[in-house]
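Only one structure is covered here, and it is reproduced in the block below.
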Amino acid sequence: MPIDEKIRLKVIELQLPEARALETLDELYLEAAANMPNMAANRLREESADLAIKVAEGALMPSLGGYVSLTSNYSSAAKERTTEQTTQTLFLDVNGTQVPVEFPTVRTIEGGTTPYFEQVGNNLYTNLGISLSVPIFNGFQSRIAIERAKLNLELAKLNSSQAQNQLKADIQRALTDVKAARKNLEAAQKSLAATSASAANTRKRFELGIVNSFELSSVQNMLTSAASSVVQAKYDLLFKLKVLDFYRGIGLNTPQEN
0 MPIDEKIRLK VIELQLPEAR ALETLDELYL EAAANMPNMA ANRLREESAD
50 LAIKVAEGAL MPSLGGYVSL TSNYSSAAKE RTTEQTTQTL FLDVNGTQVP
100 VEFPTVRTIE GGTTPYFEQV GNNLYTNLGI SLSVPIFNGF QSRIAIERAK
150 LNLELAKLNS SQAQNQLKAD IQRALTDVKA ARKNLEAAQK SLAATSASAA
200 NTRKRFELGI VNSFELSSVQ NMLTSAASSV VQAKYDLLFK LKVLDFYRGI
250 GLNTPQEN
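Heads up: the sequence shown at position 184 corresponds to 183 in numbering that gives the first Met the number 0, and the numbers run straight through without jumps.
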């Protein structure tokens with residue numbers, strides 16, 4: 000950048016949200032507990048562990064089951080068969096008398112392959128039954144599983160309690176930080192007002208020739224430092240307020256620019 004090029008600075012006026020009374024620790028905790036994903040996850044883990052106990056206890060109960068099966072088969076070797084019956088008449092000599100005697104004859108005629116669906120229908124086989132299982136020899140394993148499930152529930156409750164305590168501690172710290180940031184901003188604003196009055200007085204004294212330019216420059220530097228402290232205090236307070244908004248479940252927004 001050329002040394003003679005002018006630099007233009009844009010002054011941004013930070014707009015802080017309207018001051019309001021802070022919630023109590025319990026009020027803010029209730030909001031955070033409903034919004035924080037890890038708190039919801041802990042509640043679900045407790046519910047899951049409680050259900051695991053009921054599942055483990057169910058292993059001690061008799062179980063009744065049933066089954067049904069339907070089978071059939073098909074073979075390309077199966078042929079269609081028809082029967083043909085014929086009668087042959089023979090004469091027997093009984094005391095000189097010819098007595099006719101009929102002899103039936105049955106002949107099987109084999110045709111083509113039996114159709115698929117006809118075979119399936121002809122070869123259907125069904126099987127139906129029920130079963131009753133009574134746990135006798137696995138009782139110790141089931142009871143161990145129940146105790147393990149109860150232990151997991153206690154661990155889930157302990158983790159949930161630790162998360163709750165940690166959340167309360169974080170919220171308490173966030174509330175304390177906001178109060179401290181507000182007091183810091185108030186102190187910076189009072190310091191800026193006092194420094195501004197002192198700078199105005201020093202300028203008048205400089206114009207009257209009572210003080211020299213070094214004293215005037217020193218006071219102006221103090222004024223710049225006080226104004227910078229106010230800006231820093233505003234941004235610090237804004238950040239602390241956004242932390243509280245995070246626990247409230249409110250999205251983060253950038254400061255407005257004028």
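Yeah, the Cβ is synthetic: ideal placement off N, Cα and C, and Gly gets one too.
Note that the structure is predicted; figures quoted are calculated from it, not measured.
How big is the Cα-Cα spacing for I135 and L63?
Here residue 135 refers to the residue found at position 136 of the sequence shown. Here residue 63 refers to the residue found at position 64 of the sequence shown. In this structure, the CA atom of I135 is about 15 angstroms from the CA atom of L63.
N- and C-terminal bounds of the alpha helix (DSSP H) containing Y115:
Walking along the sequence shown from the start, residue 115 turns up at place 116. Taken as a continuous stretch (DSSP letters only), the alpha helix (DSSP H) holding Y115 covers Y115 to N121.
Let me see if you follow: with CB-CB separation under 8 angstroms, is A32 close to chain C or not?
The structure shown contains no chain C; it is built from a single protein chain.
What first and last residue would you give for the alpha helix (DSSP H) that runs through E46?
By 1-based counting over the sequence shown, the position of residue 46 is 47. Counting along the chain, E46 sits inside the alpha helix (DSSP H) bounded by residues P36 to G57.
Buried or exposed: which applies to I209, given that a residue is buried once 16 or more other Cβ atoms fall within 10 Å of its Cβ?
Against the sequence shown, residue 209 aligns to sequence position 210. Its Cβ having fewer than 16 others within 10 Å, I209 is exposed.
Endpoints, the alpha helix (DSSP H) within which S224 is located:
Residue mapping note: residue 224 aligns to position 225 of the sequence shown, counting from 1. The continuous alpha helix (DSSP H) containing S224 extends over residues S212 to R247.
On the DSSP bridge assignment, give the partners of F102 in chain order.
Walking along the sequence shown from the start, residue 102 turns up at place 103. Looking at the DSSP output, F102 bridges to Q87.
Keeping to the same chain, check which residues put their C-beta closer than 7 angstroms to that of K149; ignore five residues upstream and five downstream.
Position 150 of the sequence shown holds residue 149. Around K149: I52.
Alpha carbon to alpha carbon, how far is V10 from K156?
Within the sequence shown, the letter at position 11 stands for residue 10. Within the sequence shown, the letter at position 157 stands for residue 156. With a pLDDT of 49 at V10, under the threshold of 50, the modelled position of that residue is not reliable, and the figure given next carries that caveat. Counting only the Cα atoms, K156 lies some 52 angstroms from V10.
I need the boundaries of the beta strand (DSSP E) containing I129, first residue and last residue.
The residue you call residue 129 lines up with position 130 of the sequence shown. Counting along the chain, I129 sits inside the beta strand (DSSP E) bounded by residues Y124 to S132.
In this structure, does DSSP put V10 in helix, strand or coil?
Start at 1 with the first residue of the sequence shown, and residue 10 comes out as number 11. Caution is warranted here: a pLDDT of 49 is assigned to V10, below 50, making its placement in the model unreliable, and the coordinate value is therefore given only provisionally. In the structure shown, the three-state DSSP call for V10 is coil.
Option nearest G65 by Cα separation, candidates T81, D169 and L127:
Translated into the one-based positions of the sequence shown, residue 65 becomes position 66. Of the listed residues, the one whose Cα sits closest to G65 is L127.
Could you give the first and the last residue of the continuous beta strand (DSSP E) run that contains S62?
One-based indexing of the sequence shown puts residue 62 at position 63. Here the beta strand (DSSP E) through S62 covers S62 to T70.
Give the single residue among Q165, V133, A55 and A40 whose Cα lies nearest to the Cα of L24.
One-based indexing of the sequence shown puts residue 24 at position 25. Closest by alpha carbon: Q165.
May I ask you to list the residues that DSSP assigns as paired with E109?
As a first step, residue 109 is located in the sequence shown; it is residue number 110 there, counting from the start. Its beta-bridge partners are R80.
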